[in-house]
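Participant:
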Amino acid sequence: MAQKPSIPKGTRDFTPSEVAKRNYIFGVIKKHFEIFGFQPIETPSFENSDTLMGKYGDEGDRLIFKILNSGDFLNKVDDATYISKDSTSLTSKISEKALRYDLTVPFARYVVMHQNEIDFPFKRYQIQPVWRADRPQKGRFREFYQCDADVVGADSLLQEVEFIQLYDAVFADLGLEGVNIKVNNRKILAGIAEVIGAKDVLIDFTVALDKLDKIGAEGVKKEMSDKGISVDSIAKVEPLFSLSGSNSEQLSTLKELLADSKEGSKGVEELAFIFETVDALGLLSAQLSIDVTLARGLNYYTGTILEVAAPQKVDMGSIGGGGRYDDLTGIFGLKDVSGVGISFGLDRIYLVLEELGLFPETLDQSLQVLCLNFGAKEALAALKLTTFLRKSGTKADLYPSDAKIQKQFKYANNRNVPYVILIGEKELAENSFVVKNMESGAQETYNLKSPEDFIHQLKME
RNA sequence: GUGGUUGUAGCUCAGCUGGUUAGAGCGCUUGAUUGUGGUUCAAGAGGUCGCCGGUUCGAAACCGGUCUUCCACCCCA
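Written as structure tokens, this is what we have:
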């Protein structure tokens, strides 16, 4: 080995078995996206920098991968900028493109650019990789796939209900029991901030509140006071830390608390409608609950906020999230188009399914049948049989060389092939083939003239 | 971006306060087995000790830098 090759930090190679499992998850998600009437789109892996920059806050800008201009990019930089060594002003001169950071902003750009050809409400889904110059951690990478479904041009809260059903359908299909779909509303958060007199520090307030289950009530109180929220105000929010009871009980508590806030009351009303409607429809396996501490993606969510928590028995946190953003396309000049959408966290779902052993066993079966190679004449007969099996849709292969039978068997074993077919001198003379079940070890002889008998048997199982 | 952590055979990892020729298990190759895998037994191959520099008579071990891994924070899927 000359020089050990490597891949960039936070990126991964996927083995055949990993790809099979990932495709299984993609397939299930995609199936339900389509059943719910969403249409796929794709957007470029990189966008013009000004499409992305400034859309995710200062923190986001830092995490966007910038692409260096082609050609002699330094030549166009004036001396003053070059000498000042100011990264921000220099970056805009030497880089005009950047890698996609999420799928939502490019989608908003897409909607604005194609507004005259789109029939609203427009339901689209998109499954593509995105890139972030983040420092990797468990379940967090610098290149990862997002699976998003969004609706634009529909104000109705029925959309929120539909997304809750969609989450439920996907996780039920994946066999993942005990997921908890948590719902909140930006208006409720704004209302709380208003009632306690912390309206001007809404973001700091919610970011602190969001950490409740992580750093505890005391930690939240400390962070809030660090951010300049008064002791009085903090005392007023304290009841929220221990909000308990059924969803409807929590709703009435909130209603009371927010009675003086017009915006907050609206949020409670919206939340109540969603819960009533979902109750009337029923869910397959997911739990639905109120979580007023939920405060993700505040940069653009304006109404409902959704997050899906993995089953409690696995230590994984959020495996999906979403919400309503009333003015996303506004930043690209198209006003009054409401959007709501959700995202599935593929990598984390993968880790959860792996930990709980929920992947179907057949995924690892890249081959159903392997014909052993006993030499030129026998191999020809085996290849005929292989061709026949392939035409019937069976994943079949012939070992390419007449290596030792022991070695060929070992190969079949390592590849997890359930059936091995032997056509040796004896079988050739008798115009037959032997099928060995690799799990039980049982062998059965079939006639080469009627291989469909074997296929029939194969499909019975 | 901040703090910590990790790197030794294909994989998982030992390797003592710095001291001969760097080990184990699994895997791999070959044989026991010229038409039967998983179990067993025997033999064998495989390592610039992440990379660069420094200290030392002597470095896998100590020091500095760098890359990488994982973790916490920031933020986020």
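If you're matching positions, the first sequence starts at -17 in the working numbering and goes up one per residue.
Cβ atoms here follow ideal geometry from the backbone N, Cα and C, with glycine treated the same way.
It should be emphasised that the depicted structure is a prediction, and the values quoted were computed from it without experimental measurement.
Mapping the DSSP letters down to three states, classify Y282 as helix, strand or coil.
Facilitator: Start at 1 with the first residue of the first sequence, and residue 282 comes out as number 300. Looking at Y282 - three-state DSSP - the assignment turns out to be coil, as it is neither helix nor strand.
Participant: Less than 6 Å between C-beta atoms, sequence neighbours within five positions excluded: which residues of the same chain meet that for A361?
Facilitator: Translated into the one-based positions of the first sequence, residue 361 becomes position 379. The residues are N355.
Participant: Going by DSSP, name the residue or residues bridged to I324.
Facilitator: Along the first sequence, read from residue 1 onward, the residue named residue 324 stands at position 342. Paired residues: A131 and G304.
Participant: May I ask you to verify whether the region 330 to 347 touches the region 150 to 166, counting CB pairs closer than 8 Å and requiring at least 3?
Facilitator: Contact holds: three or more Cβ-Cβ distances are below 8 Å.
Participant: Between the region 124 to 132 and the region 252 to 272, are three or more C-beta pairs nearer than 8 Å?
Facilitator: With the cut-off at 8 Å, the region 124 to 132 and the region 252 to 272 do not touch.
Participant: Rounding to the nearest angstrom, what Cα-Cα distance links F102 and H96 in this structure?
Facilitator: Here residue 102 refers to the residue found at position 120 of the first sequence. Here residue 96 refers to the residue found at position 114 of the first sequence. Between F102 and H96, the C-alpha separation is close to 11 Å.
Participant: What residue range is occupied by the uninterrupted beta strand (DSSP E) comprising R106?
Facilitator: The residue labelled residue 106 in the question sits at position 124 within the first sequence. Residues F104 to W113.
Participant: Can you give the Cα-Cα distance for A217 and L335, rounded to whole angstroms?
Facilitator: For the purposes of this step, residue 217 is taken as the residue at position 235 of the first sequence. For the purposes of this step, residue 335 is taken as the residue at position 353 of the first sequence. Their backbone Cα atoms lie some 41 Å apart in a straight line.
Participant: Decide if D32 is buried, meaning its Cβ has at least 16 other Cβ atoms within 10 Å, or exposed.
Facilitator: Position 50 of the first sequence, counted from the start, is the residue given in the question as residue 32. Per the 10 Å Cβ criterion, exposed.
Participant: Quick one, are the C-beta atoms of T(-7) and R124 less than 8 Å apart?
Facilitator: On the first sequence, position 11 is the one that residue -7 refers to. On the first sequence, position 142 is the one that residue 124 refers to. Cβ distance < 8 Å, so T(-7) and R124 count as in contact.
Participant: Looking at the structure shown, is V351 part of a helix, part of a strand, or coil, going by DSSP?
Facilitator: Taking the first sequence and counting its residues from 1, one reaches residue 351 at position 369. Three-state DSSP puts V351 in a strand.
Participant: If you measure between the beta carbons of E142 and I256, is that distance less than 8 Å?
Facilitator: Residue mapping note: residue 142 aligns to position 160 of the first sequence, counting from 1. Residue mapping note: residue 256 aligns to position 274 of the first sequence, counting from 1. Cβ distance < 8 Å, so E142 and I256 count as in contact.
Participant: Keeping to the same chain, check which residues put their C-beta closer than 7 Å to that of K203; ignore five residues upstream and five downstream.
Facilitator: For this step, residue 203 is matched to residue 221 along the first sequence. Closer than 7 Å at the Cβ level, and outside the excluded window around K203, lie I216.
Participant: Between P342 and the rest of its own chain, which residues show a CB-CB distance below 8 Å, the 5 nearest in sequence each way excluded?
Facilitator: Taking the first residue of the first sequence as 1, we reach residue 342 at position 360. Y6, listed in sequence order.
Participant: Please state whether DSSP places M(-17) in a helix, a strand or coil.
Facilitator: Counting from 1 along the first sequence, the entry for residue -17 is found at position 1. Because M(-17) sits at a pLDDT of 34, beneath the cut-off of 50, its placement in the model cannot be relied upon, and the point is left open.
Participant: Whose C-alpha, out of G246, T275 and N398, is nearest the C-alpha of F223?
Facilitator: Along the first sequence, read from residue 1 onward, the residue named residue 223 stands at position 241. The residue with the shortest Cα to Cα distance from F223 is T275.
Participant: Tell me the residue span of the alpha helix (DSSP H) that contains D150.
Facilitator: By 1-based counting over the first sequence, the position of residue 150 is 168. Note, D150: alpha helix (DSSP H), L140 to D155.
Participant: Could you tell me the alpha carbon to alpha carbon distance between V322 and N30, rounded to whole angstroms?
Facilitator: The sequence position of residue 322 within the first sequence is 340, counting from 1. The sequence position of residue 30 within the first sequence is 48, counting from 1. So the alpha carbons of these two residues sit roughly 24 Å apart.
Participant: In chain order, what residues of the same chain lie with their CB nearer than 8 Å to the CB of L148, ignoring the 5 residues before and after it?
Facilitator: Here the question's residue 148 lines up with position 166 in the first sequence. Within the same chain, L148 has close Cβ partners H14, F15, F18, A131 and I324.
Participant: Within its chain, find whatever has a CB closer than 7 Å to the CB of P88; leave out the 5 residues flanking it on each side and keep chain order.
Facilitator: Here residue 88 is taken as the residue at index 106 of the first sequence, counted from 1. Correct list, in chain order: T25, E29 and R82.
Participant: Between which two residues does the alpha helix (DSSP H) containing S27 stretch?
Facilitator: On the first sequence, position 45 is the one that residue 27 refers to. That residue, S27, is in no alpha helix (DSSP H); it is neither H nor E in DSSP.
Participant: Can you tell me whether S243 is buried or exposed? The criterion is at least 16 other CB atoms within 10 Å of its CB, across all chains shown.
Facilitator: Your numbering for residue 243 matches position 261 in the first sequence. Looking at its Cβ environment, which holds 16 or more other Cβ atoms inside 10 Å, S243 is buried.
Participant: Given that a residue counts as buried once 16 or more other Cβ atoms are within 10 Å of its Cβ, and exposed if not, what is K37?
Facilitator: Residue numbering aside, residue 37 sits at position 55 when the first sequence is read from its first letter. Answer is buried; the Cβ neighbour count reaches 16.
Participant: Taking the Cβ atom as the reference point for each residue, do A262 and V161 lie within a distance shorter than 8 Å?
Facilitator: Working through the first sequence from its first residue, we reach residue 262 at position 280. Working through the first sequence from its first residue, we reach residue 161 at position 179. It is not a contact, given that the beta carbons lie outside the stated cut-off.
Participant: Check each candidate in K248, I403, I170 and K386 and name the one with the smallest Cα separation from D379.
Facilitator: Taking the first sequence and counting its residues from 1, one reaches residue 379 at position 397. Ranking K248, I403, I170 and K386 by Cα distance to D379 puts I403 first.
Participant: Please classify A292: does DSSP put it in a helix, a strand, or coil?
Facilitator: Taking the first residue of the first sequence as 1, we reach residue 292 at position 310. Of the three classes helix, strand and coil, the one that applies to A292 here is coil, per DSSP.
Participant: Apart from the five residues on each side of it in sequence, which residues of its chain come closer than 6 Å, Cβ to Cβ, to T259?
Facilitator: On the first sequence, position 277 is the one that residue 259 refers to. Cβ neighbours of T259 beyond the five flanking positions: V143.
Participant: Where do the ends of the beta strand (DSSP E) carrying V417 lie?
Facilitator: The sequence position of residue 417 within the first sequence is 435, counting from 1. Run containing V417: S414 to N419, per the beta strand (DSSP E) assignment.
Participant: Beta-carbon within less than 7 Å of A394's beta-carbon, same chain only, minus the 5 sequence neighbours each way: which residues are those?
Facilitator: Within the first sequence, numbered from 1, the residue matching residue 394 stands at position 412. Result list for A394: L352, V402 and M420, in chain order.
Participant: What residues in its chain sit with their C-beta under 6 Å from that of S247, if we drop five residues either side in the sequence?
Facilitator: Position 265 of the first sequence, counted from the start, is the residue given in the question as residue 247. If we look at S247 and ignore the five residues flanking it on each side, its Cβ neighbours are L240.
Participant: Report the partner residues of N162 according to the DSSP bridge assignment.
Facilitator: Taking the first sequence and counting its residues from 1, one reaches residue 162 at position 180. N162 is bridged to Q269 and A291.
Participant: Express the C-alpha separation of D297 and K196 in angstroms, rounding to a whole number.
Facilitator: By 1-based counting over the first sequence, the position of residue 196 is 214. By 1-based counting over the first sequence, the position of residue 297 is 315. Roughly 13 Å between the two C-alpha positions.
Participant: So, at 6 Å on beta carbons, what are the nonlocal neighbours of Y107 in its own chain, with the 5 sequence-adjacent residues on each side left out?
Facilitator: Translated into positions along the first sequence, residue 107 becomes position 125. Closer than 6 Å at Cβ, skipping near neighbours: F15, F20, P22 and A131.
Participant: Buried or exposed: R372, going by 16 or more other Cβ atoms within 10 Å of its Cβ?
Facilitator: Position 390 of the first sequence, counting from 1, holds the residue named residue 372. Flag for R372 reads exposed.
Participant: Please report the straight-line C-alpha distance between A175 and E231, rounded to a whole angstrom.
Facilitator: By one-based count along the first sequence, residue 175 stands at place 193. By one-based count along the first sequence, residue 231 stands at place 249. Roughly 21 Å separates the two Cα atoms.
Participant: Exposed or buried, which one is K295 when buried takes at least 16 other CB atoms within 10 Å?
Facilitator: Numbered from its first residue, the first sequence carries residue 295 at position 313. Exposed, by the Cβ-count rule.
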